[in-house]
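One structure is given below, encoded as structure tokens.
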Amino acid sequence: MFTRMLKLRLLNAVAPAYFFMATAVTFILHFCFFVPTIFPNPDTSLKGSTTLHTVVFLFLMFNALGNYIMTIKYPAESANETAVPVCSLHCSDKVDAHYLLNGRHFCKLCKKVILKRDHHCFFTGNCIGNKNMRYFIMFCIYTSCTCLYSLVLGVAFLTVEYSISFENPLTFLTLLPISTGYFFMGTISGLQLFLVLMLYVWLGIGLVCAGFCCQQVLLVARGQTWCQMQRGQLMENCSPWRTNLKDVFGTRWILGLILPVQTVETSCDYTDAHKQD
């Protein structure tokens, strides 16, 4: 138990650092390598394309980082409980959290009581619950879009810079092992291998975030949390899916789709404190 908790605490410290490092690397590659190579010395006809790509990338990056900050800024803990409560008899003794009652959990990593806890996000270093679920979902959406968009630009960069053709789908699948072999043979540089590695990193993060986001939206529409699924507890959807989505995304949900702004009520705990889990 102690070893597993130690690993979780280490992951809780390393994951945010990894996220910021990947974000910085993506930003540098885009403006120092991709744009100058794909659009070299743009004339009048290419300036519009360069500007469009730059604006789209900055928009995606701004929303990903903005919603990341909002997820941390509006945690899901209960402001009414400061002492560590006694664990419920129905608790399955999870490693990272204890189930209390009425949708409340005590997170061992956050050391706080969380309202309607869904899961602990290691990349943000806090729990996802009733107050920050909307920001977390938008963070996943824009992180996925940023990674997949960077993947497209990275493929275009390799095509222009190194004349690699991706017409054959097997080219991408065999790119990493072939590049690794060429690197150890001294044929390509470490930078070239690093660029290839980043393509697979972007693909992996993009697909994982997209799949995880779809799962979270389905759970929200059903009025259910990931913790409830882990306990095998089926929820009777007393509210329609539109109401469930509105509870999470707020009344100004359209504005929240394009800007990382507050759209969810965070001043009180009345709704989730009285919902039976």
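Just add 486 to wherever you are in the sequence shown, counting from 1, and you've got the numbering used here.
We put the beta carbon where it would ideally sit given N, CA and C, even for glycine.
Query, Result
"Return the chain-ordered list of same chain residues with a C-beta closer than 6 Å to the C-beta of residue 552, the five sequence neighbours on each side being excluded.", "746"
"Please tell me whether residue 632 and residue 550 are closer than 8 Å, where the distance is taken between their beta carbons.", "yes"
"What do you reckon, are the CB atoms on residue 495 and residue 595 nearer than 8 Å?", "yes"
"Could you check how far apart the C-beta atoms of residue 520 and residue 643 are, in whole angstroms? I think they sit under 8 Å.", "5 Å"
"Put residue 562 into one of helix, strand or coil per three-state DSSP.", "coil"
"Going by C-alpha distance, which of 589, 608, 607, 545 is nearest residue 600?", "589"
"Checking the sheet assignment: what are the DSSP bridge partners for residue 592?", "584, 599"
"Which value, in whole angstroms, describes the spacing of the CA atoms of residue 602 and residue 616?", "6 Å"
"Go ahead and label residue 624 buried or exposed: buried means 16 or more other beta carbons lie within 10 angstroms of its beta carbon, across all protein chains shown.", "buried"
"Count Cβ pairs between the region 602-614 and the region 695-713 that sit closer than 8 Å; are there 3 or more?", "yes"
"Are the Cβ atoms of residue 636 and residue 512 separated by less than 8 Å?", "yes"
"Looking at the strands, I want to know which residues DSSP matches up with residue 518.", "The partner list for residue 518 (beta bridge, DSSP) is empty, contrary to what the question assumes."
"Are there three or more Cβ pairs, one per stretch, closer than 8 Å when the region 677-694 is compared with the region 654-665?", "yes"
"Given this structure, state the Cα-to-Cα distance separating residue 598 from residue 592, to the nearest angstrom.", "6 Å"
"Going along the chain, which unbroken runs of the alpha helix (DSSP H) with 4 or more residues stay wholly within the region 638-721?", "656-671, 676-707, 712-716"
"Express the C-alpha separation of residue 630 and residue 744 in angstroms, rounding to a whole number.", "15 Å"
"I'd like the list of long-range same chain contacts for residue 557, defined as Cβ closer than 8 Å, with 5 residues on each side in sequence excluded.", "607, 610, 612, 614, 618, 621, 622, 625"
"Return helix, strand or coil for residue 633, following the three-state DSSP convention.", "helix"
"Give the C-beta separation of residue 646 and residue 509 to the nearest angstrom, bearing in mind that I take them to be a contact with Cβ-Cβ under 8 Å.", "Actually they do not touch by this definition, with Cβ atoms about 24 Å apart."
"To the nearest angstrom, how far is it from the Cα of residue 707 to the Cα of residue 728?", "7 Å"
"Can you tell which of 500, 648, 740, 716 has its C-alpha closest to the C-alpha of residue 681?", "648"
"So what's residue 626 in DSSP terms, helix, strand or just coil?", "helix"
"Can you give me the Cβ contacts of residue 758 inside the same chain, cut-off strictly under 7 Å, excluding the 5 residues immediately before and after it?", "Note that residue 758 has pLDDT 42, beneath the 50 cutoff, so the model's placement of it is unreliable and no number is given."
"Indicate the three-state DSSP secondary structure (helix, strand or coil) for residue 498 in the structure shown.", "helix"
"Can you find the residues in the same chain that come closer than 7 Å, C-beta to C-beta, to residue 726, ignoring five residues on each side of it along the sequence?", "none"
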